[in-house]
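Report on the structure given below.
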Amino acid sequence: MQTADKPYRFPDARGHFGPYGGVFVAETLIPALDELNAAYEACRNNPAFMAEFEYELKHYVGRPSPIYHARRMSDALGGAQIYLKREDLNHTGAHKVNNCIGQALVARYMGKPRVIAETGAGQHGVATATVAARYGMECVVYMGAEDVKRQAANVYRMKLLGAKVVPVESGSRTLKDALNEAMRDWVTNIHNTFYIIGTVAGPHPYPMMVRDFQAVIGKECLVQMPEMTGRQPDCVIACVGGGSNAMGIFHPYIDVAGVRLIGVEAYGEGLESGRHAASLTGGTPGVLHGNRTYLLQSDDGQIIETHSISAGLDYPGVGPEHAWLKDSDRAEYVGVTDEEALAAFHNLCHLEGIIPALESSHALAYAAKLAPTLPRDKILLVNLSGRGDKDMHTVAEKSGIQF
Amino acid sequence: MSRIQTVFQSLQASGRRALIPFITAGDPAPELTVPLMHALVDGGADIIELGVPFSDPMADGPTIQRASERALLNGMSLRKVLALVSDFRATNSDTPVVLMGYANPIEAMGVDRFVAAAGAAGVDGALVVDYPPEECEAFARALKAGGMDPIFLLAPTSTEQRIREVATIGSGYIYYVSLKGVTGSGALDFNDVAARMPQIRQGVGMPVGVGFGIRDAESARRIGEVADAVVIGSRIIEEIENSPRDQAVARVKNFVEGVRAALDQIQGAPR
Ligand SMILES: Cc1ncc(COP(=O)(O)O)c(C=O)c1O
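Sequence lines, in order, name chains A and B.
Heads up: the first sequence begins at 94 in this note's numbering, then just goes up one per residue.
Heads up: the second sequence begins at 65 in this note's numbering, then just goes up one per residue.
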């Protein structure tokens, strides 16, 4: 096992997290990534840029998001105390918007009037369409044709916000294919287009840049937890799809000794069933979408279809920094099934009056397993990455209800 | 001397251009791949680029994506592609075969195992689209040690430094992508290619092939005026797609013959 350096200083100049990450793209994209890299370096070292980012997060998104002590849930579980980082209260209902604002500001700095995005469930697409409207940019969202059918409400939301939604008919017609198509658009329209990737994946500098923008989540927790509880939590728990909400809350805690970082993947119908989306715990390293990371793939290196009740976790790869945190043992990765996530969803509704996103319900489900094994004075901080309004249809269907 | 170098040397000696067609292995059917390869040679191909299908061909346009999907549905895999190359070699020991594809199937097989198997099958080079030079030094070294050429892409946007990098790490030939975008996209800018070619040919010190956007004999001839080789992909896949199964081989040969004839009208070395 490799150990993470201390202080933690990843990635390297070419975007490597140990053997993971990097820039695995065709030559045609290299200049665009070099240009983006230079622009992002300039932005993040520019106090005026960072001040505007913070201003937008405060006044447009509603940050800082509160931390909430889920007392009734904790009491019901009878063990460690559960605290929720309320990203569900952000404008647009999830953590995704933090990153979209950051990237849209970089796009504006670069003078690109057109933004594109890939989306699965539509959450990142909605967040991108939102900020595009906010900054007066043209917006095109690529979405797998299957997902367009499954997520009609979000498609309509994006259209209301002025975005064009393009259904992608290639491959498995889901998130990974939408990402391929967005890359194709980008390479063709580099002169006026900025590609807003929705998670900590893709070629360098995306995994680092998205992490930096999402790290506002963990930075706030570092301040809020001592204020509320007098100390930092024992465990930080987040669901992992591409890994952006998890990286956002983990990153500021990497150098904080004694804090366990736990990423929760989607086991779908069970790890053994083969129908899941657990790249870190059920996959092997490979190269996809511009970086080296853990992937769900066949023996001969074809990417396989994934399954999760939560569309936002339904991705066959994972951000390369998680691959590194796993191999270096700084973070632990586990999974919960569709059924366990649904139970946690209903529990939070009943016990706390909060309807969580199905993605976030995976983190809640694991917290519910862990809490009873720990004494009452232990603290679990769960990233409640989004709210569940978008999941009404899925959950109702599972209960046999049609609207 | 490698088979690729031999081909370019003899072409240069007679003032001719290399014709490099691309097909995807396993499309439209695995049993048609070797006959299609022979048809390409009979039609006048000098080197064959054989696509290794991948589930997520990020740098390809719709035509080659569809070919890749058909091939995967037909059960094609990297291992089976290598078996097809062996079959082709049973009756052709002169025409270089360059595999073109993505990194993941190679990494899944393991670089060392791939190099050994490809060498044994009679592969001459590999162009891995999502392996830019800085991510594949070890792979390029292993290929060369196995007697094969690592082929790299250059684009209209490539910097001077980039040109020097691929010149150092690559061998065989350089593949100049003649337009921005994905394979099979629209307009080809002849003036841009003509303007960039001398600098690139001189900068890399090896033959330069131009591809992406060449669709017929006329565009092939115009590119051939300034380049050492002409690569045609999507247009041949379309020919295969649009032909009844039993006519695909003959129609592809016919198309390639037309391009060959146009290239052979060119007089003298590239300008
Ligand atoms: C609420 C919510 N949480 C989590 C995710 C998963 O993404 P990531 O792992 O990048 O946070 C999504 C993706 O759509 C989401 O909408």
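Where a beta carbon is used, it is the ideal one built from N, C-alpha and C, also for glycine.
Just so it is clear, the structure is predicted and the values come from calculations on it, not from any experiment.
Inter-residue CB distance, residue i and residue j (contact presumed, cutoff 8 Å)
i	j	result
residue 175 of chain A	residue 460 of chain A	6 Å
residue 259 of chain B	residue 322 of chain B	At roughly 27 Å, the Cβ-Cβ gap does not stay under 8 Å, so residue 259 of chain B and residue 322 of chain B are not in contact.
residue 149 of chain B	residue 185 of chain B	4 Å
residue 359 of chain A	residue 455 of chain A	6 Å
residue 134 of chain B	residue 92 of chain B	6 Å
residue 185 of chain A	residue 220 of chain A	5 Å
residue 157 of chain A	residue 285 of chain A	Their Cβ separation, rounded to whole angstroms, is 35 Å, which puts residue 157 of chain A and residue 285 of chain A out of contact at 8 Å.
residue 330 of chain B	residue 143 of chain B	That belief does not hold up - the Cβ atoms of residue 330 of chain B and residue 143 of chain B are roughly 40 Å apart, past 8 Å.
residue 314 of chain A	residue 194 of chain A	Their Cβ separation, rounded to whole angstroms, is 19 Å, which puts residue 314 of chain A and residue 194 of chain A out of contact at 8 Å.
Same chain only: Cβ atoms within 6 Å of residue i, ignoring 5 sequence neighbours per side
i	result
residue 379 of chain A	388, 390
residue 142 of chain A	136
residue 67 of chain B	160, 188
residue 398 of chain A	265
residue 214 of chain A	244, 404, 405
residue 70 of chain B	none
residue 197 of chain A	224, 228
residue 192 of chain B	167
residue 97 of chain A	Caution applies to residue 97 of chain A, whose pLDDT of 47 falls short of 50 and renders its modelled position unreliable; the model cannot decide the point.
residue 481 of chain A	448, 449, 450
residue 471 of chain A	173, 327
residue 131 of chain B	88, 91, 301
residue 152 of chain B	98, 101
residue 124 of chain B	246, 247
residue 192 of chain A	303, 306, 307
residue 79 of chain B	332
residue 122 of chain A	280
residue 315 of chain B	303, 307
Same chain only: Cβ atoms within 7 Å of residue i, ignoring 5 sequence neighbours per side
i	result
residue 335 of chain B	289, 290
residue 95 of chain A	Residue confidence for residue 95 of chain A is low, a pLDDT of 41 falling below 50, so the modelled location carries little weight and cannot support an answer.
residue 512 of chain A	Nothing in the structure corresponds to residue 512 of chain A, since chain A is present only between 94 and 496.
residue 283 of chain B	252
residue 176 of chain B	206
residue 272 of chain A	211, 382
residue 491 of chain A	435
Closest by C-alpha distance to residue i, when choosing among the options
i	options	result
residue 205 of chain B	B/226, B/187, B/235	B/235
residue 113 of chain B	B/146, B/266, B/197, B/95	B/146
residue 345 of chain A	A/117, A/166, A/317, A/453	A/317
residue 226 of chain A	A/238, A/241, A/235, A/208	A/208
residue 194 of chain B	A/276, A/217, A/232	A/276
residue 476 of chain A	A/278, A/105, A/189	A/189
residue 246 of chain B	B/263, B/75, B/276, B/226	B/276
residue 228 of chain B	B/191, B/268, B/294	B/268
residue 218 of chain A	A/435, A/258, A/349	A/258
residue 350 of chain B	A/124, A/493, A/106	Nothing can be reported for residue 350 of chain B, as the shown portion of chain B is limited to 65 through 335.
residue 292 of chain A	A/303, A/285, A/286	A/303
residue 301 of chain A	A/356, A/129, A/139, A/484	A/129
residue 483 of chain A	A/230, A/246, A/394	A/246
residue 116 of chain A	B/136, B/196, B/117	B/196
residue 181 of chain A	A/486, A/446, A/149	A/446
residue 109 of chain B	B/294, B/151, B/179, B/213	B/294
residue 115 of chain B	B/140, B/105, B/103	B/140
residue 433 of chain A	A/242, A/255, A/283, A/357	A/357
residue 167 of chain A	A/468, A/496, A/493	A/468
Residues near residue i in its chain [Cβ-Cβ closer than 8 Å; skip 5 each side]
i	result
residue 319 of chain B	107, 299, 300, 303
residue 146 of chain A	194, 195, 198, 306
Residue-chain proximity (residue i, chain D), Cβ-Cβ < 8 Å
i	result
residue 481 of chain A	Note that chain D does not occur in the displayed structure, where the protein chains are A and B.
If the cut-off is 7 Å on Cβ atoms, which residues from the region 102 to 132 of chain A count as contacting chain B, listed in chain order?
107, 115, 116, 117, 118, 119, 120, 121, 123, 124
Any residues in the region 116 to 131 of chain B with a beta carbon nearer than 9 Å to a beta carbon of chain A? Which ones, in chain order?
With the criterion set as a beta carbon lying under 9 Å from some beta carbon of chain A, the members of the region 116 to 131 of chain B are 117, 118, 119, 120, 121, 122, 123, 124, 125, 126, 129, 130, in sequence order.
Select from the region 194 to 205 of chain B all residues with a C-beta closer than 8 Å to any C-beta belonging to chain A, and list them in chain order.
Listed by position, the residues of the region 194 to 205 of chain B near chain A (Cβ gap below 8 Å) are 194, 195, 196, 198, 199.
Short of 8 Å Cβ to Cβ, which residues in the region 164 to 179 of chain B face chain A?
166, 167, 168, 169, 170, 171, 172, 173
Using a Cβ-Cβ cut-off of less than 9 Å, give me the residues of the region 217 to 228 of chain B that come near chain A, in sequence order.
Within the region 217 to 228 of chain B, the residues whose Cβ lies closer than 9 Å to some Cβ of chain A are 217, 218, 219, 220, 221, 222, 223, 226, listed in chain order.
Mind checking the region 256 to 281 of chain A against chain B and listing, in chain order, the residues whose C-beta falls within less than 7 Å of any C-beta there?
The residues in question are 263, 264, 269, 273, 276, 277, 280, 281.
Anything in the region 233 to 258 of chain A with a Cβ closer than 8 Å to a Cβ of chain B? List those residues in chain order, please.
The region 233 to 258 of chain A vs chain B, Cβ under 8 Å: nothing.
Check distances from the C-beta atoms of the region 138 to 160 of chain B to those of chain A and list, in chain order, the residues that come in under 7 Å.
141, 142, 143
Residues of the region 269 to 297 of chain B whose Cβ lies closer than 7 Å to any Cβ of chain A, in chain order
none
So if I threshold CB-CB distances at 9 Å, which residues from the region 375 to 391 of chain A count as touching chain B?
377, 378, 379, 380, 381, 382, 383, 385, 388, 390, 391
Below 7 Å between beta carbons is the criterion; list the residues of the region 206 to 221 of chain A that meet it against any residue of chain B, in chain order.
So nothing in the stretch comes that close.
Scan the region 393 to 407 of chain A for residues whose Cβ lies nearer than 7 Å to a Cβ of chain B and list them as they occur along the chain.
Per Cβ criterion, the list reads 393, 394, 395, 396.
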